[in-house]
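Quick note on UniProt numbering: the sequence shown kicks off at 1 and runs consecutively.
From the three backbone atoms N, C-alpha and C, an ideal C-beta is built for every residue, glycine too.
Okay, so here's the structure we're looking at.
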Amino acid sequence: MTAVTGAAGALAYETCPTYADLVDRVRTGGLGPDLATQRITVAFTTRQAVRHDGRGIGYRNEVLSLRLAEAVGSCAVEPGTLPDSALDDCVGADVARLLEHPLLPVRVAALDAYLMHVTPHSPESGARPCPLPAGSSLEKSRARADAVAELIDLPPGATVLVIGVVNSLLEALRARGLQYVPCDLKGGVTEWGEPVVTDALAAAGRCEALLVSGMTLGNGTFEPLRRHAQQHGKQLVMFAQTGSAVLPRFLGHGVSAVCAEPYPFFWLDGGAGVVHRYRGPHGNSCQGGHI
Numbered sequence: 001m002t003a004v005t006g007a008a009g010a011l012a013y014e015t016c017p018t019y020a021d022l023v024d025r026v027r028t029g030g031l032g033p034d035l036a037t038q039r040i041t042v043a044f045t046t047r048q049a050v051r052h053d054g055r056g057i058g059y060r061n062e063v064l065s066l067r068l069a070e071a072v073g074s075c076a077v078e079p080g081t082l083p084d085s086a087l088d089d090c091v092g093a094d095v096a097r098l099l100e101h102p103l104l105p106v107r108v109a110a111l112d113a114y115l116m117h118v119t120p121h122s123p124e125s126g127a128r129p130c131p132l133p134a135g136s137s138l139e140k141s142r143a144r145a146d147a148v149a150e151l152i153d154l155p156p157g158a159t160v161l162v163i164g165v166v167n168s169l170l171e172a173l174r175a176r177g178l179q180y181v182p183c184d185l186k187g188g189v190t191e192w193g194e195p196v197v198t199d200a201l202a203a204a205g206r207c208e209a210l211l212v213s214g215m216t217l218g219n220g221t222f223e224p225l226r227r228h229a230q231q232h233g234k235q236l237v238m239f240a241q242t243g244s245a246v247l248p249r250f251l252g253h254g255v256s257a258v259c260a261e262p263y264p265f266f267w268l269d270g271g272a273g274v275v276h277r278y279r280g281p282h283g284n285s286c287q288g289g290h291i
């Protein structure tokens, strides 16, 4: 474990070296109240289809969200893969039971809700709020992309592996003079016809940094990426709607920065919003000193 201090220097929380260590720490009561006393009152899914004006490619999202007291934890899933019974399993259940659920997205959403309840995004926890202006779906997507891309500390010409292809993020990287390798389990091509690779670790070796979706928590691919970044001293920047309260717990253990975006997400309405940015305590991407 690593003790983490917030902006004012007060102890905010402990980070963990691996996902398994974090779950064990939560299960043993080391990070907050007894899991058996923490019950999910609302379980819901958010399904979205989008095709921004001026873009030739659309996409779909589906997210499982769980309400614990004032907190909402979320985990994205591949559209259509989450059974309806998952909602019935979650509502009214305690977090201890849900951390044993057979579906990984349920376990991730429950962990996210619990950690959001224990340590909400705030300056005291090391988060730096970054406002997103009101605007069209494309304008808000680009504003979120800028907030994420600013966390990458690389000179022009460097190459970033982007896992979880978001076209606005690719635009933001190009605007900073960065090269990129788009990667997604679904493959395909980007808005500009660039091939999307499917093997992240095979592509990681030729990239100086990794820019990774929180969805990797929900499909079980996060830990190999975290280990690669840690072993090779590379920046690993997470953009997280999935696990926004989970991923800051790995700062200093392979993760260098997180753009955390809890529910409600930027694509749900045209009004102003906010994301919360964290920077880790070590490495080139950590200037500023706090997480």
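Can you tell me the Cα-Cα spacing of residue i and residue j, whole angstroms?
i: V275; j: L115; result: 17 Å
i: V77; j: G280; result: 27 Å
i: E139; j: L132; result: 9 Å
i: R60; j: T190; result: 15 Å
i: L104; j: G270; result: 31 Å
i: C286; j: D84; result: For C286, the pLDDT reaches just 30, beneath the cut-off of 50, and the residue's location in the model is therefore unreliable, although a value from the coordinates is still provided. Cα-Cα distance, rounded: 42 Å.
i: T119; j: R227; result: 25 Å
i: P224; j: D199; result: 12 Å
i: L151; j: V246; result: 18 Å
i: P182; j: G252; result: 25 Å
i: D112; j: P123; result: 19 Å
i: A10; j: H121; result: Any reading at A10 must be qualified, since the residue scores a pLDDT of 32, below 50, and its modelled position is unreliable; the value itself is stated next. Cα to Cα, the separation comes out at about 15 Å.
i: V166; j: P102; result: 29 Å
i: G177; j: D89; result: 47 Å
i: T15; j: R277; result: 16 Å
i: E171; j: E261; result: 20 Å
i: E62; j: W267; result: 12 Å
i: V197; j: T216; result: 15 Å
i: A149; j: D34; result: 37 Å
i: A175; j: P155; result: 12 Å
i: G164; j: D146; result: 16 Å
i: S74; j: G193; result: 31 Å
i: L82; j: D153; result: 37 Å
i: L185; j: A36; result: 35 Å
i: Y263; j: R144; result: 14 Å
i: R206; j: G214; result: 22 Å
i: A240; j: P17; result: 18 Å
Drop a sphere of 10 angstroms on the beta-carbon of residue i, count the other beta-carbons inside from all chains shown, and report buried for 16 or more, exposed for fewer.
i: A109; result: buried
i: L173; result: buried
i: S65; result: buried
i: Q231; result: exposed
i: E100; result: exposed
i: P248; result: buried
i: A49; result: exposed
i: G30; result: exposed
i: N284; result: Residue confidence is low: N284 scores 33 on pLDDT, short of 50, so the model does not pin down where it sits. Its coordinate-derived value is still stated next. With fewer than 16 other Cβ atoms within 10 Å, it is exposed.
i: P195; result: exposed
i: T242; result: buried
i: A20; result: exposed
i: G218; result: buried
i: A127; result: buried
i: T28; result: exposed
i: R142; result: buried
i: A272; result: exposed
i: G80; result: exposed
i: L98; result: buried
i: L201; result: exposed
i: R107; result: buried
Using the DSSP secondary-structure output, state which residues sit across from residue i in a beta bridge.
i: I163; result: C183 and V212
i: L247; result: Answer is none; L247 lacks a bridge partner.
i: L64; result: T45 and C75
i: C130; result: V275
i: C259; result: F239 and R277
i: V197; result: C183
i: R39; result: D94
i: V189; result: P195
* Asked: With a cut-off of 8 Å, do at least 3 Cβ pairs link the stretch 154-168 to the stretch 199-217?
  -> yes
* Asked: Per the contact definition of three or more C-beta pairs closer than 8 Å, is the stretch 226-240 in contact with the stretch 251-270?
  -> yes
* To do: Count the CB pairs spanning the stretch 84-101 and the stretch 136-151 that are closer than 8 Å, and state whether there are at least three.
  => no
* Taking three-plus beta-carbon pairs below 8 Å as touching, is the stretch 63-80 in contact with the stretch 25-44? -> yes
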